[in-house]
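Chemist:
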Amino acid sequence: MVRRSSDSERRDRRPGADEAEGTMLRRIHRSIWMAGIALGLAGATGAQTGPPVFTDGVASGDVTSTSAILWTRVDRDAAVKVEVWSNPQLKGKKAFQKTVPHVSAAHDFTVKIDATGLAPDTAYSYRFKHEDNDGSSYSDVGAFRTAPDPGSASDVRFTYTGDADGTRKPGGAPAFNEFEVLEAARLEGGAFWVFDGDTIYADSSFRPSPATTLAEYHAAHRENRGYENLRELLAATSVYATMDDHEVVNDYDAATVDPARYAAGRQAFLDYYPVRETGLPHDPTCAGDPLYRRFRWGSEVEVFLLDERSCRSASAVGICGGDLGPTLPPPVRTSFPFSIFLPPLPPPGCLQTLFDPARTLLGPVQKAQLFADLAASTAKWKLVVSEEPVQQFFALPYDRYEGYPVERADLLAFIQQNGIVGVKFLTTDTHATLLNQVAIDFFTAPAPIAVELVTGPIATNTFEREVISVAGQFGLAIFNGLLTQVGLDCRNLNRNSYALVEELAGAGTLTLASKDENGAVIVDPITTGQCTITDGP
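Take 17 as the starting number for the sequence shown in the working numbering and just add one per residue.
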């Protein structure tokens with residue numbers, strides 16, 4: 017059990033104070049950080065006695081009805097074997113076993129093994145081990161459940177969240193918290209969880225400088241694995257993990273990112289998460305093949321995981337001059353209180369750039385694959401894991417789907433025109449809970465097409481703190497007013513959170529609920545309503 021932070025400690029983590037402290041200590045922290053990397057590499061390559069040590073727990077992921085990717089890490093090159101049983105006692109006939117004779121320093125001594133030939137809808141336990149003349153060593157024990165057959169009407173319960181800045185201050189204290197949200201998610205007992213982007217903050221303001229090399233990205237992942245709550249959740253159930261921007265650098269896009277930096281950040285993510293790297297769609301226009309995957313959980317649920325970074329066009333924020341609400345209609349821009357912050361029109365060229373139909377968030381290949389898979393899906397509930405919000409709230413839209421409005425409209429129109437029902441967007445990134453209906457356009461085409469629940473963060477500044485640090489309490493009031501104007505069903509801008517998804521096959525219902533680090537449903541501080549919704553009969 018990890019000690020929970022006190023209320024006073026949380027209050028002390030003010031954005032302004034934290035930023036100042038981070039800035040003052042950057043040079044010292046940089047020295048400590050690089051020394052730690054150097055020591056880690058020296059320990060990995062130097063002569064060592066005794067068996068290798070399993071350093072960072074275990075994980076399982078990208079589970080299907082017959083397979084799972086199993087992950088661990090050791091402290092040096094060694095032969096590593098994984099063993100899988102269909103019982104928690106690790107006894108009897110093994111369901112799967114395989115030995116990897118060597119572990120590569122190029123992948124930071126991480127191990128990924130595809131366990132195949134498993135039975136559907138079955139609970140498994142697994143463990144890694146090493147045996148040689150130096151002795152034996154064993155990893156922690158992990159557990160996962162395979163997905164039910166696509167024709168099986170089964171209940172499904174899982175969680176999702178994202179945005180985990182585990183950077184530590186000099187002296188070792190967490191910059192934010194101990195990932196308590198993940199402890200609460202683990203206690204939900206889900207069949208799996210979705211780590212929906214920003215699995216690290218490689219460019220955290222608490223780092224001495226942003227990561228740029230593979231060694232530094234690996235070190236950032238190791239730092240996050242130092243949190244017990246993350247290790248325990250990864251061991252307790254399987255994960256479907258996605259990348260967003262902070263695995264590389266804030267708000268990056270495929271058009272302008274340094275290719276070497278993107279490649280290093282992507283490799284480090286793939287080294288540290290049990291992601292299946294085969295069968296990805298190939299798109300030569302992208303910085304890398306998009307990490308698009310889909311998984312079926314019985315007859316009722318299909319999960320689609322998007323890659324919204326590897327193929328996206330350059331942001332329009334520069335040509336729009338950082339306009340706070342470029343897509344707001346002129347009558348709204350010129351009305352009080354928005355006229356205080358906004359000129360009557362955005363800068364010349366802004367709207368033309370935003371609405372350029374050639375601009376893309378997904379890339380042509382991933383977009384076509386998503387459309388085809390949504391149309392072909394026979395699942396009642398089609399759950400689209402998105403790192404960026406799809407709903408409209410207009411303020412600073414550049415990094416969201418609103419910043420790529422033609423592609424956003426294409427996606428929603430495709431769902432609507434093809435009669436695709438049961439679509440839910442499972443989203444993070446905003447550092448807030450935002451529950452709302454999704455329409456093509458709130459002002460001109462407001463018919464609901466889907467539902468989106470934005471949840472998180474795990475550990476970083478909440479959206480409310482970010483707004484206050486820039487625009488004060490008045491700016492926060494204006495933003496809350498805008499959320500009310502666009503008909504938001506529920507919002508809470510100042511709580512760390514995760515979401516629970518519960519599908520009941522017999523009842524034909526699906527429930528989404530955003531919850532806090534204590535497992536309580538998030539409440540809208542303005543309406544006092546709970547941030548949960550149930551769809552179905």
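C-beta atoms are modelled at their ideal positions from N, C-alpha and C, and glycine is treated no differently.
In angstroms, rounded to a whole number, what distance separates the CA positions of Tyr6 and Phe70?
Modeler: Here the chain covers residues 17 to 553 and nothing more, so residue 6 does not appear.
Chemist: In three-state DSSP terms, what is Ala536?
Modeler: What you label residue 536 is simply residue 520 of the sequence shown in a count that begins at 1. Coil, per DSSP.
Chemist: Report all residues from its chain with a CB closer than 6 Å to the CB of Phe311; omit the five preceding and five following residues, and keep chain order.
Modeler: Within the sequence shown, residue 311 is the residue found at index 295, counting from 1. Only Val319 meet the Cβ criterion.
Chemist: Ignore the nearest five residues each way along the sequence and tell me which others in Thr228's own chain have a CB closer than 6 Å to its CB.
Modeler: In the sequence shown, residue 228 corresponds to position 212, counting from 1. Arg277, listed in sequence order.
Chemist: Comparing C-alpha positions only, which one of Val348, Glu468, Pro364 and Glu418 sits nearest to Trp397?
Modeler: Here residue 397 refers to the residue found at position 381 when the sequence shown is read from its first residue. The shortest Cα separation from Trp397 among Val348, Glu468, Pro364 and Glu418 belongs to Glu468.
Chemist: Please say whether Glu316 and Leu377 have beta carbons closer to each other than 7 Å?
Modeler: As a working mapping, residue 377 is identified with position 361 in the sequence shown. As a working mapping, residue 316 is identified with position 300 in the sequence shown. The answer is no: Cβ separation not under 7 Å.
Chemist: First and last residue of the alpha helix (DSSP H) that includes Gln433?
Modeler: Residue 433 sits at position 417 when you count from the first residue of the sequence shown. Segment Pro421 to Gln433, the alpha helix (DSSP H) holding Gln433.
Chemist: Measure the Cβ-Cβ separation of Asn434 and Ala493 and say whether it is below 7 Å.
Modeler: Position 418 of the sequence shown, counted from the first residue, corresponds to residue 434. Position 477 of the sequence shown, counted from the first residue, corresponds to residue 493. Result no, Cβ atoms of Asn434 and Ala493 do not sit closer than 7 Å.
Chemist: In three-state DSSP terms, what is Glu293?
Modeler: The residue given as residue 293 occupies position 277 in the sequence shown. Coil, per DSSP.
Chemist: Nearest by alpha-carbon distance to Thr215: which of Thr449, Phe285 and Ser120 is it?
Modeler: By 1-based counting over the sequence shown, the position of residue 215 is 199. Looking at the Cα atoms, Phe285 is the closest of the given residues.
Chemist: In the DSSP output, which residue or residues are listed as bridge partners for Leu64?
Modeler: Position 48 of the sequence shown, counted from the first residue, corresponds to residue 64. Looking at the sequence provided, one finds Gln at residue 64 rather than Leu. Gln64 is not bridged to any residue.
Chemist: What would DSSP say about Tyr514, mapped onto helix, strand or coil?
Modeler: Numbered from 1 along the sequence shown, position 498 holds the residue referred to as residue 514. Correct three-state label for Tyr514: strand.
Chemist: Please state the DSSP three-state secondary structure of His146.
Modeler: In the sequence shown, counting from the first residue as 1, residue 146 sits at position 130. Three-state result, His146: strand.
Chemist: Can you pull the DSSP bridge partners for Arg247?
Modeler: Counted from its first residue, the sequence shown places residue 247 at position 231. DSSP output for Arg247 lists no bridge partner at all.
Chemist: Distance check for Pro164 and Pro136, CA to CA, integer angstroms please.
Modeler: Position 120 of the sequence shown, counted from the first residue, corresponds to residue 136. Position 148 of the sequence shown, counted from the first residue, corresponds to residue 164. Those two C-alpha atoms are separated by around 5 Å.
Chemist: Quick check: does the Cβ of Val265 come within less than 6 Å of any heavy atom belonging to the ligand SAH?
Modeler: What this structure holds is no ligand at all, so the ligand SAH is not there to describe.
Chemist: Assign Pro364 to one of two classes, buried (16 or more other C-beta atoms within 10 Å of its C-beta) or exposed (fewer than that).
Modeler: Numbered from its first residue, the sequence shown carries residue 364 at position 348. It counts as exposed.
Chemist: Tell me whether Thr527 sits in a helix, a strand or coil according to DSSP, three-state version.
Modeler: As a working note, residue 527 is residue 511 in the sequence shown. Strand, per DSSP.
Chemist: In angstroms with no decimal places, state the Cα-to-Cα distance between Leu361 and Ala303.
Modeler: Taking the first residue of the sequence shown as position 1, residue 361 is located at position 345. Taking the first residue of the sequence shown as position 1, residue 303 is located at position 287. The straight-line gap from Cα to Cα measures roughly 34 Å.
Chemist: Decide yes or no for the touch test of the segment 215 to 224 against the segment 176 to 184: beta carbon pairs closer than 8 Å, at least 3 of them.
Modeler: Touching, yes.
Chemist: Name the DSSP bridge partner or partners of Cys506?
Modeler: Start at 1 with the first residue of the sequence shown, and residue 506 comes out as number 490. According to DSSP, Cys506 bridges with Leu451.
Chemist: Return yes when the Cβ of Gly503 is within less than 7 Å of the Cβ of Phe410, no when it is not.
Modeler: Here residue 410 refers to the residue found at position 394 of the sequence shown. Here residue 503 refers to the residue found at position 487 of the sequence shown. For Phe410 and Gly503, no; Cβs fall outside 7 Å.
Chemist: Starting from Phe495, trace the alpha helix (DSSP H) both ways and give me its first and last residue.
Modeler: On the sequence shown, residue 495 is found 479 positions in, with the first residue counted as 1. Element bounds for Phe495: Phe479 to Gln501.
Chemist: Quick one: Cα of Ala191 to Cα of Asn240, how far?
Modeler: On the sequence shown, position 175 is the one that residue 191 refers to. On the sequence shown, position 224 is the one that residue 240 refers to. Distance between the alpha carbons of Ala191 and Asn240: 12 Å.
Chemist: When the Cα atoms are used, what is the spatial distance from Asp148 to Pro67?
Modeler: Position 132 of the sequence shown, counted from the first residue, corresponds to residue 148. Position 51 of the sequence shown, counted from the first residue, corresponds to residue 67. Their Cα atoms are separated by approximately 8 Å.
Chemist: So Leu321 is in the beta strand (DSSP E); what residue range does that whole segment cover?
Modeler: The residue given as residue 321 occupies position 305 in the sequence shown. Start and end: Val317 to Leu321.
Chemist: Would you check if there are 3 or more beta carbon pairs closer than 8 Å linking the segment 72 to 81 to the segment 114 to 123?
Modeler: Verdict: no, contact absent.
Chemist: Would you call the CB atoms of Leu526 and Glu519 closer than 7 Å?
Modeler: Locating residue 526 in the sequence shown gives position 510, where the first residue counts as 1. Locating residue 519 in the sequence shown gives position 503, where the first residue counts as 1. In this structure, Glu519 lies closer than 7 Å to Leu526 by Cβ.
Chemist: Which residue wins for smallest C-alpha separation from Arg161, given the options His118, Trp101, Lys114 and Val116?
Modeler: Working through the sequence shown from its first residue, we reach residue 161 at position 145. That would be Trp101, whose Cα lies nearest to the Cα of Arg161.
Chemist: Three or more C-beta pairs closer than 8 Å, one from the segment 332 to 349 and one from the segment 383 to 390: is that the case here?
Modeler: No, the segment 332 to 349 does not touch the segment 383 to 390.
Chemist: Taking the beta carbon of Ala251 as the centre, do at least 16 other beta carbons fall within 10 Å, making it buried, or is it exposed?
Modeler: Sequence index remark: in the sequence shown, residue 251 carries index 235 (1-based). Buried, since its Cβ has 16 or more Cβ neighbours within 10 Å.
Chemist: Along the beta strand (DSSP E) that carries Glu99, what are the first and last residues, could you check?
Modeler: The sequence position of residue 99 within the sequence shown is 83, counting from 1. First-last of the beta strand (DSSP E) with Glu99: Val96 to Trp101.
Chemist: Run the CB neighbour count on Ser530, radius 10 Å, all protein chains shown included, and call it buried at 16 or more, exposed below.
Modeler: Your numbering for residue 530 matches position 514 in the sequence shown. Ser530 comes out buried.
Chemist: Between which residues of its own chain and Val524 is the CB-CB distance below 8 Å, once the five residues before and five after are set aside?
Modeler: The sequence position of residue 524 within the sequence shown is 508, counting from 1. According to the sequence as given, residue 524 is Gly; it is not Val. So the qualifying residues of the chain are Lys396, Gly552 and Pro553.
Chemist: How big is the Cα-Cα spacing for Thr258 and Phe459?
Modeler: Residue mapping note: residue 258 aligns to position 242 of the sequence shown, counting from 1. Residue mapping note: residue 459 aligns to position 443 of the sequence shown, counting from 1. About 32 Å.
Chemist: For Asp445, count neighbouring C-beta atoms within 10 Å of its own C-beta (all shown protein chains included) and say buried if the count is 16 or more, exposed if not.
Modeler: The residue labelled residue 445 in the question sits at position 429 within the sequence shown. Buried.
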